[in-house]
Structures are given as structure tokens and as C-alpha cells.
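This note's numbering numbers the first residue of the sequence shown as -10 and each following residue consecutively.
Quick reminder that beta carbons are idealized off the backbone N, C-alpha and C, glycines included.
Note that the coordinates shown come from a computational prediction; the quantities given were computed from them, not determined experimentally.
To start, the structure under review is shown below, and the notes come after it.
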Amino acid sequence: MKKILILGASGFIGNALYKELCSYFDTYGTYYSNAKSFSKNQKFFEYDMESENIEILLENLKPTIIISALRGNFDAQVSTHFSIIDYLLKNDCKLIFISSANVFDGFTNYPSYEYDKTLSQSIYGRFKIKIENALLRLPNNKYNVLRLPMVFGANSPRVMEIKNKIEFGEPLEVFPNVIINATEVSKLTQQVHYLINRKKQGVFHLGSNDLTHQNDLITDIAEVLGYNNPLLKQVYDSNYDRFLAVLPKDNPLPKNLQVSIHQVIQASIII
């Protein structure tokens, strides 16, 4: 049985992945926050990447698959992932690295595909690129790079932020000139499960197959939450439409695992 370690399993995406995978694989996770709720779970380990070396946990647990859903200090993340890469080279193990559409935020004229050159103007995008580039130098069977657009879902941080801002009378910041795609967390966890089962290699873009303007997506989600005509703060950062979208071309997933903007909106309804 595959032994999976999810780094950042106390976060939104990491915890959703743990719930999806734990019934099928020998699955473990790390937590940094929410200590009380995770400390009693024998499958969870407390880990602080700023003060601890990941190698100790890896040597003790000996996972065959590491999923990185870490958040936090960028320098500490880079150092942690370079330690993981050393471990991958010496052991029968692969890393599934959750990256971001922001690795392409320097390109604005078109959507980006799996093997397009990366270029970012943001600190966040550049730090993701640094880890991606180190992984791309490894043998193909040692990694997956999963680039995600914005991730929504019934109780996702993004949906809760929309709900809370509207209820407190704060404006929603929207970008009318930005064309994006998006995804929702339950479909994402199914996609990752599929990639593990099928032993897929390389780079995957796990966003919706269709595109929308960012402000339309936010207002549509507000509407399904029951808020019509929310207060908007429109931010125009260019005179022209610009793209921040990751689309699949080289590594498409089966039809049943693909997602549309409509599904993302419907999945945001708070149950």
C-alpha cells in the first residue's frame, strides 16, 4: 500500500486531500496550526518548517508519495522543498507539488499551458517557479507539478471571505479586466486521487476548461450565496483584458474529472 504524507494537512486544500485519500491509502499529515483538533490524531505530526528539518520526519515515516500543500514563509518553504528533493533522489518516493497559476502572471495576453515557459512579476509566483524548476530537473517519475487557479468550495476561505465581506457591508474587490479559470476543492481531490492511482508523471493544469472575467465569477458566487447586487470595488490594473488562467493541453484529464466554471459556482453554495 502506498504511504502518503501530506505536508500542510491542517490547511483547506491539504485537509480535503487527507479526507479523500485516507480511506484508500496509508495516509499521514502534518499540522502547524489548529493543534488541538489534530494532536489526538495518530496520523498527524506537528511540524514547523521554520524551526524543524523535514528530513527527520521523512526518515522516520518513509513515505512513498509526499504531497506538498504547505503555506507560510517562502524562504522556509524553499529550504524544505530542497530537503525533500534530496530525499527523493535517495529513496523510492515522489513529490506532488501544489503550485499556482501565478507562475504565469508575467504573461497577460493568453492562457497558459503545461509546458509553456513560466514568468512571474509577483514574489509568490517567483518562489513557486524556484521550486518548480528544481523539480523539473528530476527524473519524470519523481514529481508531479499541479498548477491551480483560485480554489473554491462550500466552506473554502475564498467563499467565506465573500460571505463575510457582504454581511459586514465591506466591498468585494473585483478585477473587471482579468480573465481567469477556477476550480473547486472536491473535484481537485478527485483529480489528485486519479493521478496517484494512474501513476501519472509531469505537469498538470487543474483548472476549469472554460474562462470567465474575475468580477463575473465573484458576483455569480455571491448570487448563489443569496446576495444580489453586492457592493463592489472595481480595480482596473490595465486598459485591456489580461489573462491569468492555466488550461490543460498536453495532459488533459478524463471527461468525468474535468470541471467547468458553472460547477465551481454551484459548488460554492454553503450547506
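Q) Of all the beta strand (DSSP E) runs that stay within the bounds of the segment 50 to 124, which reach a length of 3 or more residues? A) You should have 54 to 57 and 83 to 89.
Q. Three-state secondary structure (DSSP) at E173?
A. One-based indexing of the sequence shown puts residue 173 at position 184. Strand, per DSSP.
Q | Per DSSP, the bridge partner or partners of R136 | A | Counted from its first residue, the sequence shown places residue 136 at position 147. R136 pairs with S88 and H194.
Q) When the distance is taken between beta carbons, is I151 closer than 9 Å to L161? A) Within the sequence shown, residue 161 is the residue found at index 172, counting from 1. Within the sequence shown, residue 151 is the residue found at index 162, counting from 1. Yes. Within cutoff.
Q: Compare the Cα-Cα distances from L124 to each of D75, N170 and I210 and report the closest residue.
A: The count along the sequence shown starts at 1 and reaches residue 124 at position 135. It is D75 whose Cα lies nearest to the Cα of L124.
Q. Leaving out five residues before and five after D94 in sequence, what residues of the same chain have Cβ atoms less than 7 Å from its Cβ?
A. Numbered from its first residue, the sequence shown carries residue 94 at position 105. Taken in chain order, the residues that qualify are S109, Q110, S111, G114 and L233.
Q.
I'd like the list of long-range same chain contacts for L59, defined as Cβ closer than 6 Å, with 5 residues on each side in sequence excluded.
A. Position 70 of the sequence shown holds residue 59. Excluding its 5 nearest sequence neighbours in each direction, L59 has C-beta neighbours in its own chain below 6 Å: L(-4), G(-3) and Q66, listed in chain order.
Q: Please state if the CB of P138 and the CB of I169 are separated by a distance shorter than 9 Å.
A: For this step, residue 169 is matched to residue 180 along the sequence shown. For this step, residue 138 is matched to residue 149 along the sequence shown. Taking 9 Å as the Cβ cut-off, I169 and P138 qualify as a contacting pair.
Q | Supposed close pair S227, N166 - CB separation, criterion 8 Å | A | Numbered from 1 along the sequence shown, position 238 holds the residue referred to as residue 227. Numbered from 1 along the sequence shown, position 177 holds the residue referred to as residue 166. Right, the Cβ-Cβ distance comes to about 6 Å (below 8 Å), so this counts as a contact.
Q. Does the segment 230 to 247 touch the segment 208 to 217, meaning 3 or more C-beta pairs lie closer than 8 Å?
A. By the Cβ test, the segment 208 to 217 is not in contact with the segment 230 to 247, since fewer than three Cβ pairs between them sit closer than 8 Å.
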